[in-house]
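Below is one structure, written out as structure tokens; comments come after it.
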DNA sequence: ACATAAAATGTAAGCGCTTACATTTATAAC
DNA sequence: GTTATAAATGTAAGCGCTTACATTTTATGT
């Protein structure tokens with residue numbers, strides 16, 4: 001592989017000049033610029049990005065930590081991020097944290113040790129304090145789907161209270177009066193917020209919130225399954241169940257069928273996230289849209305702006321959810 | 001950030017010695033090793049991986065090109081790969097090719113320019129010739145889900161003929177006699193192979209293959225939708241349709257319902273890939289398992305072995321599909 | 001105690017770039 | 001034609017490591 005040295009020799013200029021044309025430095029005459037690019041072409045020269053990084057103290061790489069590389073939620077997020085960065089010649093180093101404190105910390109360590117210029121973090125298990133401490137170290141980072149008030153300017157989040165509110169309001173509007181709720185783990189802020197929105201809608205319709213109709217799940221499919229079963233067997237009757245995410249809604253669907261209920265006639269189910277497979281389940285699931293792809297892009301823009309001083313579209317930290325009506329909610333239940 | 005120089009000064013040894021303890025070189029006495037690690041701890045030293053890469057001519061990064069970062073197929077593949085590499089302190093740089101020739105080439109260029117030591121490629125649009133030429137350049141790569149005979153030792157593939165065979169055989173065993181087929185784009189080898197397996201099973205049961213019952217799709221959901229509609233309106237009657245992947249099967253399901261058919265009673269549907277949401281559709285889709293996660297791991301092992309000379313489990317290039325029976329196929333259709 | 005080999009450590013060059021600073025060349029003003 | 005100023009180019013010192021080779025220390029055999 002040709003080096004800058006060989007290019008400079010062929011072009012008959014100094015190393016510095018070659019470097020200047022590479023970096024589009026203004027102070028190069030057209031004539032020499034042409035000589036240099038010609039020499040580059042002739043040699044098939046490609047700059048060594050490692051050497052560039054070492055000399056410029058900028059690796060042009062940004063680290064991304066997500067809980068899982070698979071699963072319906074992270075894919076669209078990564079897509080949005082990758083796209084933005086590739087256009088800017090930055091590259092993405094990806095690691096998985098598996099929603100586990102130790103592994104999330106390891107992942108962050110790993111990315112830092114890889115000289116990332118900035119980090120995009122979707123972490124769940126690591127503590128607020130850890131992140132606040134981290135924010136005082138060298139490497140800048142932005143948080144997706146997590147709010148820490150001390151770090152509020154770098155938290156890209158969804159308005160989950162509103163989302164929870166919209167979901168329940170829709171179900172209420174269809175005439176349901178007995179509504180069960182399967183929440184996420186309530187130590188998580190987003191699970192809390194969604195539930196809070198639910199309560200708010202209930203209150204608005206003059207309905208009391210009933211603890212008996214609440215089941216605390218963990219955002220995973222299985223907990224939707226057992227959640228519905230538990231509610232069905234122990235709680236008072238209900239005509240609709242609202243799930244704090246689509247995975248649990250899916251579990252609840254399976255559970256409902258196992259209980260012999262026909263959907264949606266005998267039970268309406270509402271999801272949250274608008275993960276792509278919600279269109280494909282049967283009946284197609286009504287849910288709340290989580291614009292995760294856009295939020296990924298915004299996180300990338302944040303990095304572009306704060307780390308690389310690039311001009312970007314105005315940064316937005318809180319996104320708004322939207323109701324997506326499909327066919328899992330009946331009107332006027334008996 | 002402390003450098004190796006400061007560590008060496010604190011420990012009272014030379015740079016080389018510090019480097020040796022970092023790299024676990026055997027020729028370091030226990031006493032000095034201790035001194036050095038103590039100094040490292042005291043300074044909170046972290047080696048600069050960029051400098052290491054430049055000096056050692058090894059970036060410890062491997063590039064991964066997939067068609068999309070989202071979608072049900074690539075997630076599990078990336079997961080398998082990331083996991084293997086992180087344990088080995090290698091890192092993954094990810095780019096998307098979008099099944100488009102230009103973008104795939106760009107992606108490969110991008111990864112190479114990022115000094116990847118090796119590449120894992122899931123490419124669809126780029127030509128065999130291009131890849132053969134690429135194989136003669138510096139950077140080693142392995143191919144997932146693509147077979148090129150000149151490069152056969154670095155192609156990690158599924159036995160798609162067998163998969164196609166298993167799918168059709170299962171449907172035949174349930175008593176179906178009129179079977180439609182929605183294929184992938186037939187310029188793709190995997191689409192061809194799956195269809196070939198289908199024909200083989202038909203032949204084994206003494207049934208002729210009927211061109212009229214074939215629709216050529218493009219592996220995307222929409223083509224499953226229009227495919228079924230087209231077949232239904234123009235072809236002779238059939239009691240089952242086999243789709244060359246799950247996405248198209250999903251489209252076919254939606255289409256069937258729109259045609260007023262109840263599933264699976266009036267139409268059996270078979271998928272391929274065993275993408276995770278196939279459990280969630282209704283009726284749960286019978287399909288062929290594609291062990292993409294394992295294949296991803298194998299690709300990572302290939303790189304570990306060929307690029308980094310690591311000892312790995314024996315390499316396997318062709319994987320076997322398996323039938324997954326769920327509830328989308330009826331028995332003894334009328 | 002000595003010679004000899006093996007183990008431990010040090011020296012210094014170099015990986016391929018960037019960039020501050022110095023120098024040369026072109027341009028403008030008089 | 002000078003001189004002042006700006007533009008273009010060159011020089012050389014790093015960036016933080018690895019590693020071939022040289023040197024010193026330690027262990028081994030007699």
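Protein chains in written order, with full-length UniProt numbering: chain A, 1 to 334; chain B, 1 to 334.
Just so you know, even glycine gets a beta-carbon here, dropped at the ideal spot from N, CA and C.
DSSP three-state call for residue i: helix, strand or coil?
| i | result |
| --- | --- |
| residue 315/B | coil |
| residue 87/B | helix |
| residue 211/A | helix |
| residue 322/B | strand |
| residue 220/A | coil |
| residue 271/B | coil |
| residue 141/B | strand |
| residue 11/A | helix |
| residue 287/A | strand |
| residue 203/A | helix |
| residue 96/A | strand |
| residue 261/A | coil |
| residue 329/A | coil |
| residue 59/A | coil |
| residue 186/A | coil |
| residue 69/A | coil |
By the criterion of Cβ-Cβ separation under 7 Å, what are the contact partners of residue i in chain A?
| i | result |
| --- | --- |
| residue 114/B | 49 and 91 |
| residue 294/B | Result: empty, since nearest Cβ-Cβ is about 13 Å, beyond 7 Å. |
| residue 53/B | 50 |
Taking CB distances under 8 Å as the criterion, tell me whether residue i reaches chain A.
| i | result |
| --- | --- |
| residue 19/B | no |
| residue 282/B | yes |
| residue 141/B | no |
| residue 223/B | no |
Please list the partners that residue i has in chain B, where partner means a Cβ-to-Cβ separation under 9 Å.
| i | result |
| --- | --- |
| residue 110/A | 86, 89 and 91 |
Would you mind telling me which residues of chain A sit closer than 8 Å to residue i, beta carbon to beta carbon, in chain order?
| i | result |
| --- | --- |
| residue 46/B | 112 and 113 |
Residues of chain A with a CB under 9 Å from the CB of residue i: which are they?
| i | result |
| --- | --- |
| residue 287/B | Residues of chain A passing the Cβ test: none, with the nearest at roughly 13 Å. |
Please determine, among the options, the residue with the shortest C-alpha to C-alpha distance to residue i.
| i | options | result |
| --- | --- | --- |
| residue 246/A | 7/B, 153/B, 179/B and 277/B | 277/B |
| residue 134/B | 156/B, 93/B and 104/B | 104/B |
| residue 67/A | 65/B, 82/B, 55/B and 328/B | 82/B |
| residue 275/B | 322/B, 238/B and 316/B | 322/B |
| residue 302/B | 120/B, 281/B and 101/B | 120/B |
| residue 112/B | 4/A, 95/A, 79/A and 48/A | 48/A |
| residue 154/B | 122/B, 61/B, 286/B and 160/B | 122/B |
| residue 117/B | 175/B, 129/B, 137/B and 166/B | 137/B |
| residue 139/A | 200/A, 58/A and 69/A | 58/A |
| residue 40/A | 158/A, 65/A and 6/A | 6/A |
| residue 319/A | 208/A, 162/A and 195/A | 162/A |
| residue 216/B | 69/B, 205/B, 244/B and 208/B | 244/B |
| residue 143/B | 181/B, 207/B and 63/B | 63/B |
| residue 257/B | 232/B, 280/B, 237/B and 129/B | 232/B |
| residue 149/B | 206/B, 131/B and 160/B | 131/B |
| residue 109/B | 35/A, 46/A, 251/A and 241/A | 46/A |
Taking 7 Å as the cut-off, is the C-beta of residue i nearer than that to any heavy atom in the ligand COA?
| i | result |
| --- | --- |
| residue 134/A | Judged by which ligands are present, the structure shown has none, so any question about the ligand COA falls away. |
Name the chain B residues that come within less than 8 Å of residue i, Cβ to Cβ?
| i | result |
| --- | --- |
| residue 250/A | 280 |
| residue 59/A | 50 |
List the residues of chain B whose Cβ lies closer than 7 Å to the Cβ of residue i, in chain order.
| i | result |
| --- | --- |
| residue 277/A | 277 and 280 |
Taking 8 Å as the CB-CB cut-off, is residue i touching chain B?
| i | result |
| --- | --- |
| residue 67/A | no |
Original post:
What residues in the segment 70-96 of chain A bring their beta carbon closer than 7 Å to a beta carbon of chain B?
Top reply: 70, 71, 75, 76, 78, 79, 82, 86, 91, 92, 93, 94, 95 and 96
Original post:
Closer than 8 Å, Cβ to any Cβ of chain A: which residues of the segment 170-181 of chain B, in chain order?
Top reply: Of all residues in the segment 170-181 of chain B, none has a Cβ within less than 8 Å of some Cβ in chain A.
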